[in-house]
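Visitor: Heads up: the protein sequence lines correspond to chains R and W, in order.
2 is the number of the first residue of the first sequence in the working numbering; add one for each residue after it.
4 is the number of the first residue of the second sequence in the working numbering; add one for each residue after it.
Note that CB positions come from ideal geometry on N, CA and C, so glycine has one too.
Being a predicted model, the structure only gives us computed values, none of them experimental.
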Amino acid sequence: MSRKPYVREVPKTTWYMRNGRYMRYMAREVTCVFLALYMAGLVIGLVRLMQGPEAWQSYLAGLSSPVAILFHLIAFGFACYHATSWFNVTPKAMRIPQGDGFVPGKTIVGAHYGLWGAASLVIIVLMGVL
Amino acid sequence: MSERQITFEVLRYNPETDDKPWVQTYSVPCQEDWVVLDAINYIKDHLDTSLSYRWSCHMAVCGSCGMMVNGEPTLSCKAFLRDYKGSKIRVEPLSHFPIERDLVVVLDDFMGKLQSVKPYIIPKKEKPVEEGEYKQTPRQLKNFKQYTMCINCMLCYAACPQYGLNDDFIGPAALALTHRYNLDSRDGGRSQRQEVVAQHEGVWECSFVGACSEVCPKDVDPAGAIQQMKIASTVDWYLEHLMPWRAK
């Protein structure tokens, strides 16, 4: 008897639509695009600053346009999703021995949120908001 | 005990007569306490003796009866019918593996990968039996015990989209077992395994979807093992390049 195994092809471009789990993964990955766009905006800001006060003022004016505000709101939402989805999986990569067991996952995730909060607070203080 | 009539849609494939798989439906009178495997056994015993599938222990230990149940990689002996609403259940062979016949998949690829990571203890230094056993504390055991629970059922491979797209990937179970031996205090074989682990098709093919750990019936957490090995391999790389004088 000869063998004739049948191979089921996985769709190369739509594979992530097969399953909610894969969709969540893609959401985590794709949201980083908005972080990259935001960073590109910051780099443009630095270039405009180098070009002089007028260029800087027009950059600031551009930032206060409704489109820019809407983009930043969306980017902030996606950045939060991206960051928290990564925070929540950190215990898998960090297995820290403690006593007879390991540091609980909740503690590791909590520490990430804590550091995030602390870093945000420092930046807000440096900006002179508080 | 009450009976429930369930329609099973089973993917069939006979390599001698079929060019591609097709779906056959069976109506099975199921008992309340049955698992999917019981229903498949009923089909085999009473409705269609030609149905091929693997099973052995019926208690989630042997790892033979993995199947896609309603699209989810599942041990059919652990899939209680009471957890499935509706009157239809679809059963298919494990995804990402070639179908040998009906619900039986080809294991060769996984077996080769398992061998390639040397999943056995390679002692730091061989010692004669007269010198006694290799001792280990409970704490040292705890470091890797979770990864010893793997039963090679391959559900993680069926769940892993990376393996589905590129079957050169060593994959979750083989890598989790690599981690298990690397973490064992009696073992000294890590450098031998690193050639497989640190290559692109090793840990770096994993993009941390995490599906392997979600479907694992023994809570092995292969995704965690792979991320920990990525960190260890990265540390290796930095040590090698920043401190080349450091003997490995």
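Please classify SER79(W) as buried or exposed, where buried requires at least 16 other C-beta atoms within 10 Å of its C-beta.
Guide: Here residue 79(W) corresponds to residue number 76 of the second sequence, with the count starting at 1. Burial call: buried.
Visitor: Which residue from CYS153(W), GLU103(W), VAL72(W) puts its Cα closest to that of LYS88(W)?
Guide: Taking the second sequence and counting its residues from 1, one reaches residue 88(W) at position 85. LYS88(W) has its Cα closest to that of VAL72(W), out of CYS153(W), GLU103(W), VAL72(W).
Visitor: Tell me the residue span of the beta strand (DSSP E) that contains PHE11(W).
Guide: If you number the second sequence from 1, residue 11(W) lands on position 8. Where PHE11(W) is concerned, the enclosing beta strand (DSSP E) stretches over 6-15.
Visitor: Does any residue of chain R bring its CB to less than 8 Å from the CB of ASP41(W)?
Guide: Position 38 of the second sequence, counted from the start, is the residue given in the question as residue 41(W). Closer than 8 Å: no.
Visitor: In angstroms, rounded to a whole number, what distance separates the CA positions of ALA76(R) and LEU36(R)?
Guide: As a working note, residue 76(R) is residue 75 in the first sequence. As a working note, residue 36(R) is residue 35 in the first sequence. So the alpha carbons of these two residues sit roughly 7 Å apart.
Visitor: Along the beta strand (DSSP E) that carries PRO76(W), what are the first and last residues, could you check?
Guide: Your numbering for residue 76(W) matches position 73 in the second sequence. Per DSSP, PRO76(W) belongs to the beta strand (DSSP E) from 75-78.
Visitor: Below 8 Å on the Cβ atoms is my contact criterion, and I expect GLY213(W) with VAL90(R) to pass it. Report the Cβ-Cβ distance as a whole number of Å.
Guide: By 1-based counting over the second sequence, the position of residue 213(W) is 210. By 1-based counting over the first sequence, the position of residue 90(R) is 89. With a Cβ gap of about 6 Å, GLY213(W) and VAL90(R) count as contacting.
Visitor: Per DSSP, SER30(W) is paired with what?
Guide: Stepping through the second sequence from its first residue, residue 30(W) is reached at position 27. Answer is THR10(W).
Visitor: Who pairs with ILE125(R) in a beta bridge, going by DSSP?
Guide: The count along the first sequence starts at 1 and reaches residue 125(R) at position 124. In DSSP, ILE125(R) forms no bridge with anything.
Visitor: Let's see if you can read the secondary structure: which residues bound the beta strand (DSSP E) around ILE92(W)?
Guide: Looking up residue 92(W) in the second sequence gives position 89. Unbroken beta strand (DSSP E) run through ILE92(W): 91-95.
Visitor: Scan the region 125-143 of chain W for residues whose Cβ lies nearer than 9 Å to a Cβ of chain R and list them as they occur along the chain.
Guide: If the cut-off is 9 Å between Cβ atoms, the region 125-143 of chain W has PRO141, ARG142 near chain R.
Visitor: Quick one: is GLN99(R) buried, meaning 16 or more other Cβ sit within 10 Å of its Cβ, or exposed?
Guide: Position 98 of the first sequence holds residue 99(R). By the 10 Å Cβ count, GLN99(R) comes out exposed.
Visitor: Specify, as a first and last residue, the run of the beta strand (DSSP E) that VAL72(W) falls within.
Guide: As a position in the second sequence, residue 72(W) is number 69, starting the count at 1. Residues 69-72.
Visitor: Mind checking the region 217-229 of chain W against chain R and listing, in chain order, the residues whose C-beta falls within less than 7 Å of any C-beta there?
Guide: The region 217-229 of chain W vs chain R, Cβ under 7 Å: GLU217, ASP224, ALA226, GLY227.
Visitor: Answer with buried or exposed for ASP101(R), where buried requires no fewer than 16 other C-beta atoms within 10 angstroms of its C-beta.
Guide: Position 100 of the first sequence, counted from the start, is the residue given in the question as residue 101(R). Counting Cβ neighbours within 10 Å, ASP101(R) comes out exposed, since fewer than 16 surround it.
Visitor: Verify the CB distance criterion: does TYR1(R) have a CB-CB separation below 8 Å to chain W?
Guide: Since the first residue of chain R shown is 2 and the last is 131, residue 1(R) is not available in this structure.
Visitor: Are the Cβ atoms of ALA177(W) and GLY69(W) separated by less than 8 Å?
Guide: Taking the first residue of the second sequence as 1, we reach residue 177(W) at position 174. Taking the first residue of the second sequence as 1, we reach residue 69(W) at position 66. No, they are not a contact pair.
Visitor: Can you find a C-beta in chain R that's less than 8 Å from the C-beta of GLN195(W)?
Guide: Walking along the second sequence from the start, residue 195(W) turns up at place 192. Not closer than 8 Å to any Cβ of chain R, the Cβ of GLN195(W) fails to qualify, so no.
Visitor: Can you check whether the CB of LEU14(W) is closer than 8 Å to the CB of VAL26(W)?
Guide: Counting from one through the second sequence, the residue named residue 26(W) turns up at place 23. Counting from one through the second sequence, the residue named residue 14(W) turns up at place 11. Closer than 8 Å, so yes.
Visitor: Between ALA63(W), ARG57(W), LYS47(W), TYR137(W), which lies nearest to CYS219(W) when the distance is taken from Cα to Cα?
Guide: The residue you call residue 219(W) lines up with position 216 of the second sequence. The candidate whose alpha carbon is nearest that of CYS219(W) is ALA63(W).
Visitor: Using a Cβ cut-off of 9 Å, pull out every chain R residue sitting near GLN231(W), in sequence order please.
Guide: Numbered from its first residue, the second sequence carries residue 231(W) at position 228. Going along chain R in sequence order, the residues near GLN231(W) (Cβ under 9 Å) are LYS93, ALA94, MET95, ARG96.
Visitor: On the DSSP bridge list, what partners appear for TYR7(R)?
Guide: Residue mapping note: residue 7(R) aligns to position 6 of the first sequence, counting from 1. For TYR7(R), which the question treats as bridged, DSSP gives the partners ILE102(W).
Visitor: Taking Cβ-Cβ distances shorter than 7 Å, what residues in chain W pair up with LYS5(R)?
Guide: In the first sequence, residue 5(R) corresponds to position 4, counting from 1. The answer, in chain order, is PRO18.
Visitor: Are the C-beta of VAL26(W) and some C-beta of chain B separated by less than 8 Å?
Guide: The structure shown contains no chain B; its protein chains are R and W.
Visitor: Chain R partners of ILE102(W), CB-CB under 9 Å?
Guide: Locating residue 102(W) in the second sequence gives position 99, counting from the first residue. The answer, in chain order, is PRO6, TYR7, VAL8, ARG9.
Visitor: Per DSSP, what kind of secondary structure is GLY102(R) in: helix, strand or coil?
Guide: Within the first sequence, the letter at position 101 stands for residue 102(R). Strand at GLY102(R).
Visitor: Name, please, each residue of chain R whose Cβ falls closer than 7 Å to the Cβ of VAL72(W).
Guide: Here residue 72(W) refers to the residue found at position 69 of the second sequence. Those do not exist, as VAL72(W) stays about 14 Å from chain R at its closest Cβ, beyond 7 Å.
Visitor: Please check if any C-beta of chain R sits within less than 8 Å of the C-beta of GLY167(W).
Guide: Here residue 167(W) corresponds to residue number 164 of the second sequence, with the count starting at 1. Output row for GLY167(W): interface = yes.
Visitor: Looking at PHE211(W) and ARG183(W), is the spacing between their C-beta atoms short of 8 Å?
Guide: Sequence index remark: in the second sequence, residue 183(W) carries index 180 (1-based). Sequence index remark: in the second sequence, residue 211(W) carries index 208 (1-based). Against a cut-off of 8 Å, the Cβ pair of PHE211(W) and ARG183(W) comes out as no contact.
Visitor: Could you tell me the distance, in whole angstroms, from the CA atom of VAL44(R) to the CA atom of GLU55(R)?
Guide: Within the first sequence, residue 44(R) is the residue found at index 43, counting from 1. Within the first sequence, residue 55(R) is the residue found at index 54, counting from 1. The straight-line gap from Cα to Cα measures roughly 17 Å.
Visitor: Taking beta-carbon pairs under 8 Å, can you tell me which members of the region 197-217 of chain W lie near chain R?
Guide: So the list reads SER210, PHE211, VAL212, GLY213, ALA214, SER216, GLU217, given in the order they occur along the chain.
Visitor: Along the alpha helix (DSSP H) that carries CYS33(R), what are the first and last residues, could you check?
Guide: Here residue 33(R) corresponds to residue number 32 of the first sequence, with the count starting at 1. 33-51 is the span of the alpha helix (DSSP H), which, as asked, contains CYS33(R).
Visitor: For the candidate residues TYR17(R), THR14(R), GLY46(R), whose alpha-carbon lies nearest to that of ALA62(R)?
Guide: On the first sequence, position 61 is the one that residue 62(R) refers to. Ranking TYR17(R), THR14(R), GLY46(R) by Cα distance to ALA62(R) puts GLY46(R) first.
Visitor: Could you tell me whether the Cβ of LYS23(W) comes closer than 8 Å to any Cβ of chain R?
Guide: Taking the second sequence and counting its residues from 1, the one referred to as residue 23(W) is at position 20. Closer than 8 Å to some Cβ of chain R, the Cβ of LYS23(W) qualifies, so yes.
Visitor: Does DSSP put TRP16(R) in a helix, in a strand, or in coil?
Guide: Within the first sequence, numbered from 1, the residue matching residue 16(R) stands at position 15. TRP16(R): helix per DSSP, three-state reduction.
Visitor: For LEU54(W), report the span of its alpha helix (DSSP H) as first-last.
Guide: As a first step, residue 54(W) must be located in the second sequence, where it is residue number 51. Premise fails: LEU54(W) is in no alpha helix (DSSP H) and is neither H nor E.
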